């Protein structure tokens, strides 16, 4: 018995079908990628945990590159240092007890609430967790960005 041979038309047809499927998949991906970008689909970055190895007294402040950490009577609060107007880095003015943007003088409270200026939104706040030792004493804070 002679071995089975494929006819040249069948093999050509299979090749063309595979080629058509792959080309269709590539074209669909090339078409949907800009569409997804246009609709605002983004992958959120993983949260970062920044540890502050210092205990703050009530009324104390810790300044980091990305946040301001305040110790209030209610507990610690972390406020973003990026102004909601144009993204400038805000500073804490100790003598006035306000957060101010150096670019356009938007002012915010210690909780991040807008007081004045061109910024229309409050500053974002970040969750803060107190770090305690074996005796239950607070030794620092972990800020999740």
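Numbering (the numbering used here), first residue to last: 18 to 162.
Idealized CB from N, CA, C, for every residue including glycine.
Given the structure is predicted, the values throughout are model-derived calculations rather than measurements.
- Between the region 101-118 and the region 127-141 there are three or more C-beta pairs closer than 8 Å, enough to call the two in contact.
- Out of 124, 94 and 36, the CA that lies nearest to the CA of residue 162 is found in 94.
- Ranked by Cα distance from residue 59, the options 65, 66 and 50 are led by 50.
- About 7 Å separates the beta carbons of residue 134 and residue 118, which is inside the 8 Å limit, making them a contact pair.
- Straight across, the Cα-Cα distance linking residue 79 with residue 111 is about 12 Å.
- Inclusion of residue 160 and residue 86 in the CB contact set at 8 Å is warranted, their separation being smaller than that value.
- For residue 146, the uninterrupted beta strand (DSSP E) segment begins and ends at 145-149.
- In the DSSP assignment, residue 108 falls within the beta strand (DSSP E) that extends over 108-110.
- Residue pairing by DSSP leaves residue 113 without any beta bridge partner.
- For residue 66, the uninterrupted beta strand (DSSP E) segment begins and ends at 66-69.
- Membership of residue 127 in any beta strand (DSSP E) is not indicated, and neither H nor E is assigned to it by DSSP.
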